[in-house]
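Only one structure is covered here, and it is reproduced in the block below.
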């Protein structure tokens, strides 16, 4: 099965690369491969900045844990795909740089708590607050 998927990927990569090379020419395709490889290397080198920003947003509870994981995993995976030569891997790598795409791809695999258990009345505790005057 993995061999079949790999062969399908190679077939798609050849077709997409051939079409892109026909549209922008052989030298343009060469420049595209070099540019996206440099972009992928730059993303990998500066990944710590993206990671620290996402970690700060997670700490401030601006994003969920799933969004934190998916954005970082897909960003680094996309950077590796940008380094690889080929038009299909470049397209997928660029799409993976957007955290929304990664979150949409990982969302079906995240287990959601569909039916949270409601509070029962016996679990609710009544509390009376008594304030003391400050002594001088």
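In the numbering used here, the protein residues as written are 31 to 166. Just so it is clear, CB atoms sit at the ideal spot from N, CA and C, and this is done for glycine as well.
Span of the alpha helix (DSSP H) around residue i
i           : result
residue 89  : 77-89
residue 96  : 95-113
residue 121 : 117-126
Distance between residue j and residue i (C-alpha atoms, nearest Å)
i           : j           : result
residue 50  : residue 61  : 12 Å
residue 82  : residue 108 : 18 Å
residue 48  : residue 106 : 26 Å
residue 36  : residue 92  : 38 Å
residue 7   : residue 110 : The question about residue 7 has no answer here: the residues shown for the chain are numbered 31 through 166.
residue 2   : residue 112 : Lying outside 31 to 166, the shown extent of the chain, residue 2 is not represented and no answer is given.
residue 80  : residue 59  : 29 Å
residue 118 : residue 42  : 7 Å
residue 126 : residue 94  : 18 Å
Residue-chain proximity (residue i, chain D), Cβ-Cβ < 8 Å
i          : result
residue 90 : This model lacks chain D altogether; it includes just one protein chain.
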